[in-house]
Amino acid sequence: MALYLISAVIVLVFSGLMAMAGLGAAFLFVPMFYYLGVPLAEATPTALLLNVVSLLFATISYWRGGLINWRVGLPVLIVAVVAAPLGARLTSVVDQRLLLGLFAAFLVFAGAMMLFRPQPHPRTVSRTVEVSAGAAVGGVAGFLGGLLGVGGGNFILPVLNGLGLDPKVAAGTTALVVIFSSLSGFLGHAALGGLDPLLLGSTALMAAIGSLSGAYLMQHRLSSAQLKRIIGVLLWVIAAKIIWDLIGMRQVNTTGVVGPTGMLGLTVTPIRQVSLA
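Just so we're aligned, residue 820 is where the sequence shown starts under the numbering used here, counting upward by one.
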């Protein structure tokens, strides 16, 4: 019973917090479930499905509030889905620790820009430029997500803001993309282990409530400047988690499988890596 109560409370809080930024919290939920005694084969698909539930409700709220830029978001989504498998197929020939270190450095830089740089002035650009920019961002994000097993949303969000999108629109647009990357990851991992219906049901309910609460706060209680600072802090938290996992990546067995304290808390073979946004 303690497992369900503790998990429900943590999922409620972090689903709401991450939904405000249009990001998923699976990177936190996987190690949380593991340390509470849930097998990794069950913890991973459960956490990814919670991402889907949380951001689905948040995205509907953002869509109704006019906070999704479809001309940018759809190209990001489509190209990211195509690019992710390409990145995944290079995992065996690339030094992931080096690239993850560089990605963590990027998140530290992006977080600092969100915290300390004035918001770029919105720019009026043509539909062609928006679509092209979205495709470029999606290609890089999808490729990096597949290559490194990290959430592409962590790259998409600060870049969209840097391109001039209001922080709220950048977060809403990012949430749309992360739904599908999480769903893809869930489908890839669900066959590897069963799900606890009680755990999934209780945490999914909390994820929905948390994300709706976070989406409401983001739209009606926070200014764009306040949200920008929150996103900056969250990017630093994600960078710290990646650095912590890089330290844990030393615990790799002779088969090349990352252990429980390894990258993003997942046990995966390189070709089956999945983005936890």
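For each residue, glycine too, the CB sits at the ideal point set by N, CA and C.
Taking residue i and residue j to be in contact with their CB atoms under 8 Å, please state how far apart those CB atoms are, rounded to whole angstroms.
{"i": "V996", "j": "I1028", "result": "Actually they are not in contact, since the Cβ atoms of V996 and I1028 sit about 23 Å apart, beyond 8 Å."}
{"i": "T865", "j": "F846", "result": "Contact flag wrong, Cβ pair sits at about 13 Å."}
{"i": "S873", "j": "L855", "result": "Going by Cβ atoms, the distance from S873 to L855 rounds to 19 Å, so no, they are not a contact pair."}
{"i": "S834", "j": "A1026", "result": "4 Å"}
Please determine, among the options, the residue with the shortest C-alpha to C-alpha distance to residue i.
{"i": "F876", "options": "M837, G856, M932", "result": "M837"}
{"i": "G953", "options": "L1024, T992, F922", "result": "T992"}
{"i": "V828", "options": "L1041, S1030, A1034, G1051", "result": "S1030"}
{"i": "V959", "options": "A903, S1043, L867, A929", "result": "A903"}
{"i": "L979", "options": "L1024, L867, S951", "result": "S951"}
{"i": "Q1045", "options": "G930, G1007, P986", "result": "P986"}
{"i": "F928", "options": "L1054, K1060, I1061, I1062", "result": "L1054"}
{"i": "V832", "options": "I1061, L1036, T947, K1060", "result": "L1036"}
{"i": "G843", "options": "A931, S1043, A990, W882", "result": "A990"}
{"i": "G981", "options": "L919, I1050, L868", "result": "I1050"}
{"i": "V1052", "options": "H1008, G1007, S1042, G930", "result": "G930"}
{"i": "V1056", "options": "A924, W882, D914", "result": "A924"}
{"i": "A955", "options": "R908, L1024, V901, S1043", "result": "V901"}
Can you list, in chain order, the residues of its chain with a C-beta nearer than 7 Å to that of residue i? Leave out the 5 residues immediately preceding and following it.
{"i": "V871", "result": "I998, S1001, L1002, F1005"}
{"i": "S1032", "result": "G835"}
{"i": "M820", "result": "none"}
{"i": "R1091", "result": "Residue placement at R1091 is poorly supported in this model, since its pLDDT is 37, which falls under 50; the coordinates are not used for a value here."}
Would residue i pass as a contact of residue j if the rule is Cβ separation under 8 Å?
{"i": "A899", "j": "G961", "result": "yes"}
{"i": "Q1038", "j": "G906", "result": "no"}
{"i": "V830", "j": "T1022", "result": "yes"}
{"i": "L926", "j": "A1058", "result": "yes"}
{"i": "L893", "j": "F922", "result": "no"}
{"i": "G983", "j": "P939", "result": "yes"}
{"i": "E861", "j": "L1014", "result": "yes"}
{"i": "E949", "j": "R1040", "result": "no"}
{"i": "T910", "j": "L868", "result": "no"}
{"i": "L919", "j": "I1061", "result": "yes"}
Excluding five sequence neighbours on each side, which residues of the same chain lie with their C-beta closer than 6 Å to the C-beta of residue i?
{"i": "L824", "result": "none"}
{"i": "V988", "result": "L886, N888"}
{"i": "L822", "result": "L855"}
{"i": "A1034", "result": "A838, A877, S880"}
{"i": "N1072", "result": "Residue confidence for N1072 is low, a pLDDT of 41 falling below 50, so the modelled location carries little weight and cannot support an answer."}
{"i": "T947", "result": "none"}
Cutting at 8 Å between CB atoms, please list the residues of its own chain near residue i, excluding the five before and the five after it.
{"i": "R1048", "result": "M933, L934"}
{"i": "R916", "result": "L1065, M1068"}
{"i": "L896", "result": "G957, L995, V996, F999"}
My parser needs the alpha helix (DSSP H) runs of 4 or more residues fully inside the region 891-943; what are they? Complete alpha helix (DSSP H) runs here, min 4: 915-935.
What ranges does the beta strand (DSSP E) occupy inside the region 938-1016, keeping only unbroken runs of at least 3 residues that lie completely in it? With a minimum length of 3 residues, no continuous beta strand (DSSP E) run stays inside the region 938-1016.
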